[in-house]
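Mapping of the sequence shown onto the numbering used here: residues 1182 to 1352, in sequence order.
Just so you know, even glycine gets a beta-carbon here, dropped at the ideal spot from N, CA and C.
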Amino acid sequence: MVGIWSLFPRKILYSLLGLNRNLPGYLGLGIRYTIFKVLCKSCGDNVLIKPGVYFFKLENLVVGDNVSFHPLCYIDATGGVEIKKDVSIAHNCTIVSFEHDYTSGTVYRDNPVIPKSISIGSNVWLGAGVRVLSGTIIEDNVVIGAGSIVKGRANKNSLYAGVPAKKIKGI
């Protein structure tokens, strides 16, 4: 099925992904996954994309095996995003790989963006409503508590929570 989608222009595939964003059931899951797999820079197997997930700049997104995107997530890979294997991204999470440049002296809404990559390691769980900001590195075996804002580095084998996210304990 992925082979058929690769015959379509990217612009049409983005439109089809958007049209099927909220399609329920297994049909919706299958359509979203097969289109997603073609549009991504790299995409592993067994990737779950629940209804209502928004993706931007998929050509800069690398996704490993066994990754789940739950409802109402927003993923912008402008600066590059790598999500390794066995990652769960709970509902209403945001991953944004760019910042705004406020030094240009122009009206804020017209300021250019500065792309900065994000790396999310293996066996990571982002709780509901987590925000991952540009330039962040989340190492392997990390849990980020619900509602946290992550900027910088989250070290392996740890639980982080808060605004801004801080290490709570080792796990």
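*Cα-Cα separation, Lys1238 to Thr1259*: Each residue's alpha carbon lies about 6 Å from the other.
*Where do the ends of the alpha helix (DSSP H) carrying Leu1208 lie?*
Leu1208 -> alpha helix (DSSP H) spans 1206-1220.
*asked:* Would Ile1230 and Leu1253 be called neighbours here (beta carbons separated by less than 8 Å)?
replied: A distance of 8 Å or more separates the beta carbons of Ile1230 and Leu1253.
*Hey, which unbroken runs of the beta strand (DSSP E) at 3 residues or more fall wholly within the stretch 1279-1349?*
Within the stretch 1279-1349, the complete beta strand (DSSP E) runs of at least 3 residues are 1279-1281, 1294-1296, 1299-1301, 1305-1307, 1323-1325, 1339-1342.
*Check Ser1187 in the structure and name its three-state DSSP category.*
Three-state DSSP puts Ser1187 in coil, outside helix and strand.
*Would you kindly work out how many angstroms separate the C-alpha atoms of Arg1312 and Ala1342, rounded to a whole number?*
A direct Cα-to-Cα measurement between Arg1312 and Ala1342 gives close to 11 Å.
*Opening and closing residue of the beta strand (DSSP E) in which Leu1357 lies*: Since the first and last residues shown for the chain are 1182 and 1352, residue 1357 lies out of range.
*asked:* Taking the beta strand (DSSP E) that Thr1275 belongs to, which residues open and close that run?
replied: Looking at the DSSP string, the run of the beta strand (DSSP E) that includes Thr1275 is 1275-1277.
*State yes or no: is the C-beta of Ser1339 within less than 8 Å of the C-beta of Gly1351?*
Closer than 8 Å, so yes.
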